[in-house]
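Trainee:
Number of protein chains: 2
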Amino acid sequence: MTLPHPNTDQISLPIVLGVLGDPTRLAIVRYLASKEGVPLNCSQFLDLGSKTNLSYHLAKLREAGVTRAEVVGTSRMITLRRADLDARFPGLLDSVIAAAGDDPALPAVGGHDLEISA
Amino acid sequence: MTLPHPNTDQISLPIVLGVLGDPTRLAIVRYLASKEGVPLNCSQFLDLGSKTNLSYHLAKLREAGVTRAEVVGTSRMITLRRADLDARFPGLLDSVIAAAGDDPALPAVGGHDLEISA
DNA sequence: TCCTTAGTTCAAAAGTTATTGAACAATTGG
DNA sequence: CCAATTGTTCAATAACTTTTGAACTAAGGA
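Protein sequence lines, in the order shown, are assigned to chains A and B.
This note's numbering applies: residue 1 is where the first sequence begins, and numbers increase by one.
This note's numbering applies: residue 119 is where the second sequence begins, and numbers increase by one.
1. Quick one: measure Cβ to Cβ for L163 of chain A and R62 of chain A, integer angstroms, because I've assumed they're closer than 8 Å.
2. What would DSSP say about V16 of chain A, mapped onto helix, strand or coil?
3. Between the segment 95-107 of chain A and the segment 148-155 of chain B, do at least 3 Cβ pairs fall closer than 8 Å?
4. Rounded to the nearest angstrom, what separates G49 of chain A and A223 of chain B at their Cα positions?
5. I'd like to check one pair, N159 of chain B with S193 of chain B: are the Cβ atoms closer than 7 Å?
6. Straight-line CA distance for R200 of chain B to V184 of chain B?
7. Leaving out five residues before and five after A64 of chain A in sequence, what residues of the same chain have Cβ atoms less than 6 Å from its Cβ?
8. Does the beta carbon of A218 of chain B come closer than 7 Å to any beta carbon on chain A?
9. Report all residues from its chain with a CB closer than 7 Å to the CB of L93 of chain A; omit the five preceding and five following residues, and keep chain order.
10. What residues in its chain sit with their C-beta under 6 Å from that of P39 of chain A, if we drop five residues either side in the sequence?
11. To the nearest angstrom, how far is it from the Cα of P107 of chain A to the Cα of N7 of chain A?
12. Got a sec: which bits of the segment 196-212 of chain B sit with their beta carbon under 9 Å from any beta carbon on chain A, in order along the chain?
13. Per DSSP, what are the beta-bridge partners of V190 of chain B in this structure?
14. Listing by chain order, which chain B residues have their CB less than 9 Å from the CB of A105 of chain A?
15. Between the Cα of Q10 of chain A and the Cα atoms of A:V109, A:R88, A:V96, A:S95, which residue gives the shortest distance?
16. Examine chain A for any beta-carbon lying closer than 7 Å to the beta-carbon of P157 of chain B, and answer yes or no.
17. Between which residues of its own chain and A187 of chain B is the CB-CB distance below 6 Å, once the five residues before and five after are set aside?
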């Protein structure tokens with residue numbers, strides 16, 4: 001059972017920007033970026049909303065091509081599609097993450113500040 | 119008579135991303151970027167929508183801090199707030215414009231391809 | 001002053017997005 | 001098999017966004 005993802009060349013700039021233009025989703029992306037390499041499942045994000053609501057936001061991110069979700073048992077392992085986004089829109093993800101990196105107006109996962117290397 | 123603009127430090131990342139996540143507004147920004155230095159008024163953008171609709175989209179861009187509108191007679195001269203955006207979100211505008219630069223899915227102003235130096 | 005040009009504002013309609021709870025599926029462990 | 005865990009789907013609702021036309025304001029020129 002695999003979930004639908006757009007190909008790299010199907011990733012659309014306005015859709016990506018629109019999807020990132022939501023504080024909850026931006027917080028998800030920021031957290032994913034801070035934990036790159038670490039496998040994260042949906043329940044890591046429950047600080048940001050209800051289970052149902054997170055399912056909705058994570059589906060938006062996945063359908064836009066921002067994240068990849070792999071089914072592993074009953075979990076979905078979520079990762080940033082960094083290489084694909086960098087190939088399609090060079091520098092965009094980096095500048096968004098850098099800009100989001102120190103924004104106290106964004107919700108945070110875990111109720112504590114982000115740790116860049118943890 | 120001056121129009122309301124946010125200060126540089128009031129410009130919000132999710133709001134900017136959300137505002138740019140609309141094909142019409144992205145086309146406006148792309149065109150403004152291609153004509154930087156040239157004063158442009160609203161009617162330059164009538165290809166992209168009705169007068170009323172453009173007034174709406176240009177107000178969104180201005181209120182988000184993406185553009186500046188100066189009242190000159192009966193016109194408003196529209197410019198990109200490039201320095202302010204670069205200061206607040208380094209690299210973001212450049213990567214968005216570069217990514218939008220060759221996107222045939224975006225509407226175009228003038229019904230022809232953009233000229234970077236014209 | 002009267003007309004035109006440039007753009008805004010308003011209210012309505014249409015469409016889209018976000019949020020919720022209840023019900024559902026799939027996998028894993030006992 | 002049974003129960004718990006993980007996450008999805010569905011339907012409803014609320015909230016927001018986009019688009020439109022008609023009416024409006026403000027400045028500039030004849």
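We treat Cβ as the ideally placed atom computed from N, Cα and C, and that holds for glycine.
Mentor: Taking the geometry as given:
1. Past the edges of chain A, shown from 1 to 118, lies residue 163 of chain A, and the structure says nothing about it.
2. Three-state result, V16 of chain A: helix.
3. Short answer: they don't touch.
4. When rounded, the distance between both Cα atoms is 33 Å.
5. Taking 7 Å as the Cβ cut-off, S193 of chain B and N159 of chain B qualify as a contacting pair.
6. Whole-angstrom Cα-Cα distance: 8 Å.
7. Excluding residues within five positions, the ones whose Cβ falls inside 6 Å are I15, V16, V19.
8. Interface residue, yes.
9. Counting only Cβ-Cβ distances below 7 Å, and skipping sequence neighbours, we find R82, L85, D86.
10. For P39 of chain A, where only same-chain residues beyond five positions count, the Cβ hits under 6 Å are M77.
11. Cα to Cα, P107 of chain A sits roughly 30 Å from N7 of chain A.
12. Of all residues in the segment 196-212 of chain B, R206, F207, P208, G209, L210, L211, D212 have a Cβ within less than 9 Å of some Cβ in chain A.
13. According to DSSP, V190 of chain B shares a beta bridge with B:S193.
14. What A105 of chain A touches in chain B, judged by beta-carbon distance under 9 Å, is S130, L131, P132, going in chain order.
15. With distances taken between CA atoms, Q10 of chain A lies nearest to A:R88 out of A:V109, A:R88, A:V96, A:S95.
16. P157 of chain B is outside the set of residues whose beta carbon lies under 7 Å from a beta carbon in chain A.
17. Correct list, in chain order: L121, R180, R194, I196.
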